[in-house]
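Going by our numbering, the final residue of the sequence shown carries number 71, and the count climbs one at a time with no gaps.
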Amino acid sequence: MRKVNILQFIASICLLIGSIINLLNLLIEIPFALYFCTGPLLLLSVILFGVAIVRQIKNKKE
C-alpha cells in the first residue's frame, strides 16, 4: 500500500471509532472519559485526511 492509502485508512478508522462512540452516547449513557475521546479522534481524522489530500495533489503535479 502507498503512504497516502495508509493515511486514508488510519483517518477512516479514527472517524469510524469517533462516530461509533458518538452514536453510543446517544443510545446509552457512556462515561464522560470515553466520550471526551471523540473530539481528538475526529480532529485527528480531519488532519490526516487533509495531509492525504495534500500528498495526492503533490503526486499529481509530479
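From the three backbone atoms N, C-alpha and C, an ideal C-beta is built for every residue, glycine too.
So what does DSSP say about residue 49, is it helix, strand or coil? Residue 49 carries a helical assignment under DSSP once its states are collapsed to helix, strand and coil.
Mapping DSSP to helix, strand and coil, what is residue 39? In the structure shown, residue 39 sits in coil (DSSP, three-state: anything other than H, G, I, E or B).
Straight-line gap, residue 21 to residue 58 (C-alpha atoms, nearest Å): If you draw a straight line from the Cα of residue 21 to the Cα of residue 58, it is about 8 Å long.
When the Cα atoms are used, what is the spatial distance from residue 27 to residue 55? Distance between the alpha carbons of residue 27 and residue 55: 12 Å.
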